[in-house]
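To start, the structure itself, in structure tokens.
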Amino acid sequence: MATPFLQIDGVAMRYGGVEGTLALRGTSLDVAEGEFVAVVGPSGCGKSTLMRLVTGLWPPTEGTVIVAGSEVTGPLSIAGMAFQNPTLLPWRNVLDNVMLPLEVVQPHRRRLRARRGSYERHARALLKLVGLEGFETKFPWQLSGGMQQRASLCRALVHDPRLLMLDEPFGALDVFTREDLWDVLQDVWIATKPTVVLVTHDLKEAVYLSDRVLIMSARPGRIIAERAVPYPRPRRLDLTYGAGFQAIVHELRDRISEARRAVGPDDAA
Amino acid sequence: MPRSAARSAEALAEAARRRRRLENALPWLVIGGMFLAWEAAVHAFGIEPFILPAPSAIAESMVKWWRPLLSNAWATLVTTVAGFLLAVVFGLLLGIAIGSSVLVYRGLYPLLIAFNSVPKVAVVPILVIWFGAGFWPAVLTAFLISFFPIVVNVATGIATVEPELRDVLRALGAKPVDIIRKVGLPRSMPYFFASLKVAITVAFVGSIISETVAANEGIGHLMLVASSRFDVPLVFAGLIVTGVMGVLMYWVAVTIEERTTGWATRGQNDPRLATGG
Numbered sequence: 570m571a572t573p574f575l576q577i578d579g580v581a582m583r584y585g586g587v588e589g590t591l592a593l594r595g596t597s598l599d600v601a602e603g604e605f606v607a608v609v610g611p612s613g614c615g616k617s618t619l620m621r622l623v624t625g626l627w628p629p630t631e632g633t634v635i636v637a638g639s640e641v642t643g644p645l646s647i648a649g650m651a652f653q654n655p656t657l658l659p660w661r662n663v664l665d666n667v668m669l670p671l672e673v674v675q676p677h678r679r680r681l682r683a684r685r686g687s688y689e690r691h692a693r694a695l696l697k698l699v700g701l702e703g704f705e706t707k708f709p710w711q712l713s714g715g716m717q718q719r720a721s722l723c724r725a726l727v728h729d730p731r732l733l734m735l736d737e738p739f740g741a742l743d744v745f746t747r748e749d750l751w752d753v754l755q756d757v758w759i760a761t762k763p764t765v766v767l768v769t770h771d772l773k774e775a776v777y778l779s780d781r782v783l784i785m786s787a788r789p790g791r792i793i794a795e796r797a798v799p800y801p802r803p804r805r806l807d808l809t810y811g812a813g814f815q816a817i818v819h820e821l822r823d824r825i826s827e828a829r830r831a832v833g834p835d836d837a838a
Numbered sequence: 108m109p110r111s112a113a114r115s116a117e118a119l120a121e122a123a124r125r126r127r128r129l130e131n132a133l134p135w136l137v138i139g140g141m142f143l144a145w146e147a148a149v150h151a152f153g154i155e156p157f158i159l160p161a162p163s164a165i166a167e168s169m170v171k172w173w174r175p176l177l178s179n180a181w182a183t184l185v186t187t188v189a190g191f192l193l194a195v196v197f198g199l200l201l202g203i204a205i206g207s208s209v210l211v212y213r214g215l216y217p218l219l220i221a222f223n224s225v226p227k228v229a230v231v232p233i234l235v236i237w238f239g240a241g242f243w244p245a246v247l248t249a250f251l252i253s254f255f256p257i258v259v260n261v262a263t264g265i266a267t268v269e270p271e272l273r274d275v276l277r278a279l280g281a282k283p284v285d286i287i288r289k290v291g292l293p294r295s296m297p298y299f300f301a302s303l304k305v306a307i308t309v310a311f312v313g314s315i316i317s318e319t320v321a322a323n324e325g326i327g328h329l330m331l332v333a334s335s336r337f338d339v340p341l342v343f344a345g346l347i348v349t350g351v352m353g354v355l356m357y358w359v360a361v362t363i364e365e366r367t368t369g370w371a372t373r374g375q376n377d378p379r380l381a382t383g384g
């Protein structure tokens, strides 16, 4: 097997000094280039911590994180991020919000002035892909939650990241909007093929979207099991009602229950 | 049916228009009412003009002394605006520094609060020793009294940037300067303009305090001279002129605020802007 694109090896993360909370311990995982991986686990298991370690926002207390062949020591500009909260800037319209990373990340930052036109076309194409065509000049507060999340996804993608880190991006949306956005994300992934790590607590979402689901234990989190999802793409929502799909979801649910029981009732987290 | 619906819609619109007219007229009605009540009270209780002059006496005095009132008001306006602009520049810079660095915040904040607690009247004599009576003490007093709200507000705006947004930008390789420029500063603008409304009004307090202590011109000086001659109507005329200037400058600040940071007060004025969906 080729060297994995993202390689996390024996990572531990402790907050607030020696006495602080241990969020991760002995976490190891590999993700191949272009793979779509979902990470699920009981709440408070350190999923979000994992995201921040991978993108180089925080250094791990122990272990190494390797992305694209080199160890992560600082912020990683080949990564795009989206969160549960869309965090759009209220004073910028949708297009300018999506363009924000281009004003920050190199080499686009240098080129932005000269090539504004082509960058803008690229941003508009992305907005069209997620179904926001015609909303470019609207402001975030003029959009619904689902539309804001679409724009946030575009912002994460606009600099063509090779690694897309999504932290419960659909967690705050209603079921119908969420299912719409699953397909949007799937289309985007098929079109641009970044490596995706999706952190979620929605098992159906994890199975529907990913090639592989990783299960984390309760805090301190580590990967305790994984489950490959065999279905070819593009997947359609009908799939989620099939017996095979349901069986995978149930299997994952059992594993997570085990993980929670292993540490005792509810809040060891 | 449709006709009556149309009529009731019209009636609703008419009611809304009436309400808006009332809202616009209300400040003038209140001010006019206050002066009327004042006038009536002075006559009814036979209050002496050197204790509380009637508005009519004040107006008379205004007409009589319009030239010195105008020139002194101008002097006060110039010193106030100069001090205020200094406060804007300095307050903005210091606010950015305090809001973006915990070290600067911890180091400077106690000193700032101590400084702000010192009554500015007590500082004026020192300023007079340093710069002589007149223009500079007034400018500096206006500055000293008005920069504090600006610093606090700008610092708050910058320090409260959402951690996730900070993460998005940091993960892209944004330096702290980028985050302040792209997010912190625009974000703190509504706070900044809110503070300007406070700052411009207290700036008048500063310059007039200084003028009453040591100056050769300005509304404060004029009121001091008038009161030493027991020309109480003129003292009140000075007060009213000051109030008018304060309202005017406040209005300027509000206009700038609405033009630049309308996004922060969206929807409150115009529900049609929100499309939802």
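Chains as they are written, first to last, in this note's numbering: chain A, 570 to 838; chain B, 108 to 384. Don't be surprised by glycine CBs; every beta carbon is placed ideally from N, CA and C.
C-beta neighbour in chain A for residue i, strict 8 Å
i                 : result
Trp66 of chain B  : Nothing can be reported for residue 66 of chain B: it is not among the residues displayed for chain B, which extend from 108 to 384.
Val290 of chain B : yes
Pro293 of chain B : yes
Gly264 of chain B : no
Glu364 of chain B : no
Partners in chain A for residue i, counting only beta-carbon separations shorter than 7 Å
i                 : result
Val275 of chain B : Met650, Thr656
Glu271 of chain B : Phe652, Asn654, Thr656
Asp285 of chain B : Val673
Extent of the continuous alpha helix (DSSP H) to which residue i belongs
i                 : result
Ala189 of chain B : 173-207
Arg747 of chain A : 744-761
Val235 of chain B : 227-238
Gly318 of chain B : Residue 318 of chain B is actually Glu in this sequence, not Gly. Here the alpha helix (DSSP H) through Glu318 of chain B covers 292-320.
Arg277 of chain B : 270-278
Phe708 of chain A : First-last for Phe708 of chain A: undefined, no H or E at that position.
Ala344 of chain B : 339-367
Ile784 of chain A : First-last for Ile784 of chain A: 781-785, but that is the beta strand (DSSP E), not the alpha helix (DSSP H).
Asp285 of chain B : 283-286
Listed by chain order, chain B residues near residue i by CB distance under 7 Å
i                 : result
Thr642 of chain A : The premise fails here: Thr642 of chain A is roughly 12 Å from chain B at the closest Cβ pair, so nothing lies under 7 Å.
Trp660 of chain A : Pro293, Trp370
Pro670 of chain A : Leu279
Extent of the continuous beta strand (DSSP E) to which residue i belongs
i                 : result
Asp599 of chain A : 591-600
Val765 of chain A : 764-768
Phe605 of chain A : 605-609
Arg684 of chain A : Taken as a continuous stretch (DSSP letters only), Arg684 of chain A belongs to no beta strand (DSSP E), as it is neither H nor E.
Val636 of chain A : 631-636
Gln675 of chain A : Note, Gln675 of chain A: premise wrong, no beta strand (DSSP E); not H, not E.
Phe574 of chain A : That residue, Phe574 of chain A, is in no beta strand (DSSP E); it is neither H nor E in DSSP.
Gly524 of chain A : Since the first residue of chain A shown is 570 and the last is 838, residue 524 of chain A is not available in this structure.
Glu795 of chain A : 792-797
Chain B contact residues for residue i, given Cβ-Cβ distances below 8 Å
i                 : result
Gly846 of chain A : Outside the shown range of chain A (570 to 838) lies residue 846 of chain A, about which nothing can therefore be said.
Arg621 of chain A : Asp274
Where residue i meets chain B, residues with beta-carbon distance less than 9 Å
i                 : result
Pro738 of chain A : By Cβ distance, chain B contributes nothing, its closest Cβ being about 11 Å from Pro738 of chain A, past 9 Å.
Leu645 of chain A : Ala278, Leu279, Gly280
Below-8 Å beta-carbon distance, residue i vs any chain B residue
i                 : result
Asp835 of chain A : At Asp835 of chain A the pLDDT is 45, less than 50, meaning the model places this residue with poor confidence and gives no usable figure here.
Val673 of chain A : yes
Gly585 of chain A : no
Asp749 of chain A : no
Ala838 of chain A : Any answer about Ala838 of chain A is weak, because its pLDDT of 40 lies below 50 and its placement is not dependable; what the coordinates show is given next. No, because no Cβ of chain B sits closer than 8 Å to the Cβ of Ala838 of chain A.
Val580 of chain A : no
Cβ-Cβ separation, residue j to residue i (assumed contact under 8 Å), whole Å
i                 : j                 : result
Ile165 of chain B : Pro340 of chain B : 5 Å
Pro709 of chain A : Gln717 of chain A : 6 Å
Asn223 of chain B : Gly325 of chain B : Between Gly325 of chain B and Asn223 of chain B the Cβ distance is about 24 Å, and since that is not below 8 Å, they are no contact.
Legend entry - Contact residues within the region 695-710 of chain A, judged by C-beta distance below 8 Å to chain B: Lys707, Phe708, Trp710
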